[in-house]
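Number of protein chains: 2
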Amino acid sequence: MTLIETLRRDILAGTIPPGSLLMQTELAARFGVSRIPVRDALQALAAERLVTVVPGKGARVIRLGPQELAEVYDLRILLECDLIHRAARRTTEAQRDEAAHVLARSDLEAGRPGWEAGDRAFHMSLYAPAERPRQIALVHELRDTAALHLAQYQVLAENTSRWLDDHHQIFNAWQAGQAASAAALLAAHLTAARDHLLQLVTAQMR
Amino acid sequence: MTLIETLRRDILAGTIPPGSLLMQTELAARFGVSRIPVRDALQALAAERLVTVVPGKGARVIRLGPQELAEVYDLRILLECDLIHRAARRTTEAQRDEAAHVLARSDLEAGRPGWEAGDRAFHMSLYAPAERPRQIALVHELRDTAALHLAQYQVLAENTSRWLDDHHQIFNAWQAGQAASAAALLAAHLTAARDHLLQLVTAQMR
DNA sequence: TGGTCGAATCGTGTATACATGTATACACAA
DNA sequence: TTGTGTATACATGTATACACGATTCGACCA
Numbered sequence: 065m066t067l068i069e070t071l072r073r074d075i076l077a078g079t080i081p082p083g084s085l086l087m088q089t090e091l092a093a094r095f096g097v098s099r100i101p102v103r104d105a106l107q108a109l110a111a112e113r114l115v116t117v118v119p120g121k122g123a124r125v126i127r128l129g130p131q132e133l134a135e136v137y138d139l140r141i142l143l144e145c146d147l148i149h150r151a152a153r154r155t156t157e158a159q160r161d162e163a164a165h166v167l168a169r170s171d172l173e174a175g176r177p178g179w180e181a182g183d184r185a186f187h188m189s190l191y192a193p194a195e196r197p198r199q200i201a202l203v204h205e206l207r208d209t210a211a212l213h214l215a216q217y218q219v220l221a222e223n224t225s226r227w228l229d230d231h232h233q234i235f236n237a238w239q240a241g242q243a244a245s246a247a248a249l250l251a252a253h254l255t256a257a258r259d260h261l262l263q264l265v266t267a268q269m270r
Numbered sequence: 065m066t067l068i069e070t071l072r073r074d075i076l077a078g079t080i081p082p083g084s085l086l087m088q089t090e091l092a093a094r095f096g097v098s099r100i101p102v103r104d105a106l107q108a109l110a111a112e113r114l115v116t117v118v119p120g121k122g123a124r125v126i127r128l129g130p131q132e133l134a135e136v137y138d139l140r141i142l143l144e145c146d147l148i149h150r151a152a153r154r155t156t157e158a159q160r161d162e163a164a165h166v167l168a169r170s171d172l173e174a175g176r177p178g179w180e181a182g183d184r185a186f187h188m189s190l191y192a193p194a195e196r197p198r199q200i201a202l203v204h205e206l207r208d209t210a211a212l213h214l215a216q217y218q219v220l221a222e223n224t225s226r227w228l229d230d231h232h233q234i235f236n237a238w239q240a241g242q243a244a245s246a247a248a249l250l251a252a253h254l255t256a257a258r259d260h261l262l263q264l265v266t267a268q269m270r
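Top line first, the protein sequences correspond to chains R and S.
So the first sequence is numbered by the working numbering: it starts at 65 and just counts up by one.
So the second sequence is numbered by the working numbering: it starts at 65 and just counts up by one.
1. At least one CB of chain R closer than 9 Å to the CB of S:E135: is that the case?
2. Using C-beta distances below 7 Å, list every residue in its chain close to R:R127, excluding the 5 sequence neighbours before and after it, in chain order.
3. How would you call R:V97, buried or exposed, if buried means at least 16 neighbouring beta carbons within 10 angstroms?
4. Determine, for R:R127, whether the minimum Cβ-Cβ distance to residues of chain S falls below 9 Å.
5. Name the DSSP beta bridge partners of S:A168, please?
6. With 9 Å set as the bound, which would you pick, yes or no: does the beta-carbon of S:R198 sit closer than that to a beta-carbon of chain R?
7. With a threshold of 16 other CB atoms inside 10 Å of the CB of S:A123, please say whether the residue is buried or exposed.
8. What residues in the segment 92-123 of chain R bring their beta carbon closer than 8 Å to a beta carbon of chain S?
9. Ignore the nearest five residues each way along the sequence and tell me which others in R:A105's own chain have a CB closer than 7 Å to its CB.
10. Compare the C-alpha of R:R103 against each of R:L206, R:W238, R:Q233, R:M87 and name the closest.
11. Roughly how far, in whole angstroms, is the beta-carbon of R:D208 from the beta-carbon of R:L114, given that I think they are within contact range, below 8 Å?
12. S:T89: which of S:T79, S:L202, S:K121, S:E135 sits nearest, CA to CA?
13. What is the residue span of the beta strand (DSSP E) that R:V102 lies within?
14. Give the range of the alpha helix (DSSP H) segment to which R:A240 is assigned.
15. Are S:C16 and S:A247 close, meaning C-beta to C-beta below 9 Å?
16. Starting from the N-terminal side, write out each stretch of the alpha helix (DSSP H) that is 4 residues or longer and does not extend beyond the segment 150-205 of chain R.
17. Straight-line CA distance for R:V219 to R:E180?
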């Protein structure tokens with residue numbers, strides 16, 4: 065696994081928490097390389113909005129406040145609802161089979177560590193028919209930002225049943241080509257996720 | 065002016081056309097610096113989606129096809145209409161005065177070289193009340209991508225009157241707090257711009 | 001004459017070395 | 001005791017040097 069992949073994984077998993085200061089010299093020593101590839105990796109992570117490079121200071125893992133996180137989720141709602149709306153009217157049978165398969169797999173991972181990957185795979189399988197690579201890349205970035213902050217908290221398993229039910233409802237509407245319905249269900253689903261995270265963050269700040 | 069600013073300006077102005085291959089060694093010699101700052105600058109431009117870094121090959125200025133440009137404009141419509149809708153209900157008097165001032169200034173530049181800056185300033189002044197820094201940054205990136213491709217063609221002045229009229233209509237609705245109306249007018253405005261560019265691009269490809 | 005193999009050249013990737021700016025800690029003065 | 005100034009240490013920014021890979025040109029062979 066390459067340097068940038070390792071750093072990205074550790075940041076997204078919360079191993080390197082938000083606000084951490086990443087020092088080139090330390091990383092270079094730890095990975096047994098010079099500082100140049102480390103600089104490249106940090107700039108690449110900055111391109112993905114996972115860290116912010118402060119000139120002469122180093123790279124800091126992003127740490128967003130409630131307002132900024134709310135904006136991230138609002139952007140996700142805007143972009144993901146548009147994607148599912150576009151996609152629902154263009155699905156092929158192979159794509160429907162694929163999405164059903166991904167949904168079944170994500171059911172098994174629900175609540176278990178690494179559930180975020182399954183959740184993302186399911187959502188992305190719904191968006192694939194839209195054929196909007198740039199928009200999908202943006203959604204990945206926004207989801208990375210959210211995942212990075214979610215990893216700080218051990219997400220409760222109490223809402224997983226509601227969460228699973230949402231997924232099945234969204235999938236059914238999507239599969240049936242009911243674009244407006246799928247988009248509305250997705251909006252409610254993401255809004256609930258937004259409110260949940262904001263509740264955690266504001267509770268943390270007290 | 066710093067290295068990255070110079071490169072960005074030349075790319076956006078079309079001086080370095082889409083598809084150009086930027087070589088580290090050549091840029092280093094031209095600017096009288098070593099290759100390290102050049103690498104940094106190219107990676108920073110890659111973060112803004114202005115170039116794509118091909119490992120072992122160099123950095124290439126992006127060149128989008130009709131389908132990708134259409135996606136960029138659709139994303140702009142999605143994000144900018146949401147911004148104007150959020151902003152129109154939260155304007156302060158100072159912001160309305162500021163936008164009117166920017167509109168008057170952009171009127172004078174219409175059709176003249178550099179009109180894109182005035183157009184962007186006007187639109188951004190409308191979005192400012194929304195207080196969505198990340199969303200606004202995304203719009204800037206998307207507008208950069210569009211500007212880079214628009215710079216290839218000498219934009220005709222025949223549509224400027226229609227274009228100016230659009231701006232005044234959008235401004236009036238925005239100023240009056242008519243969010244839905246402003247968003248609808250903006251959507252039509254941007255759709256026209258999209259179709260115009262796509263027409264130029266497809267005509268070029270023959 | 002066309003194709004293929006090989007060598008040379010060019011450009012990037014990386015390591016090492018030096019310069020610059022910043023943060024921190026300590027000492028001294030108010 | 002507190003604030004400021006300076007010195008030291010450290011991290012980043014940059015230049016130079018070397019290694020690897022790719023591409024291209026040429027030569028040789030079929």
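The C-beta atom is built at its ideal place from N, Cα and C for all residues, glycine as well.
Values in this document were obtained by computation on a predicted structure and should not be read as measured data.
Taking the structure as given:
1. Using a Cβ-Cβ cut-off of 9 Å, S:E135 counts as an interface residue toward chain R, since at least one Cβ of chain R sits closer than that to its own.
2. The residues are P82, G83.
3. Looking at its Cβ environment, which holds fewer than 16 other Cβ atoms inside 10 Å, R:V97 is exposed.
4. Not a single CB atom of chain S sits nearer than 9 Å to the CB of R:R127.
5. Answer is none; S:A168 lacks a bridge partner.
6. Interface with chain R (9 Å Cβ-Cβ cutoff): S:R198 is included.
7. Per the 10 Å Cβ criterion, buried.
8. From the segment 92-123 of chain R, only I100, R103, D104, Q107, A108, A110, A111 have a Cβ closer than 8 Å to chain S.
9. For R:A105, where only same-chain residues beyond five positions count, the Cβ hits under 7 Å are L67, I68, L71.
10. Among R:L206, R:W238, R:Q233, R:M87, the Cα nearest to that of R:R103 belongs to R:M87.
11. By a beta-carbon distance limit of 8 Å, R:D208 contacts R:L114. Their separation comes to about 6 Å.
12. Distance check between S:T89 and each of S:T79, S:L202, S:K121, S:E135 places S:K121 closest, using alpha-carbon atoms only.
13. Unbroken run through R:V102 is the alpha helix (DSSP H), 99-111; no beta strand (DSSP E).
14. DSSP places R:A240 outside any alpha helix (DSSP H), giving it a letter other than H or E.
15. Limits of chain S in this structure are 65 at one end and 270 at the other, which puts residue 16 of chain S out of reach.
16. The segment 150-205 of chain R contains these whole alpha helix (DSSP H) runs: 157-173, 179-191.
17. Between the alpha carbons of R:V219 and R:E180 lies a gap of roughly 11 Å.
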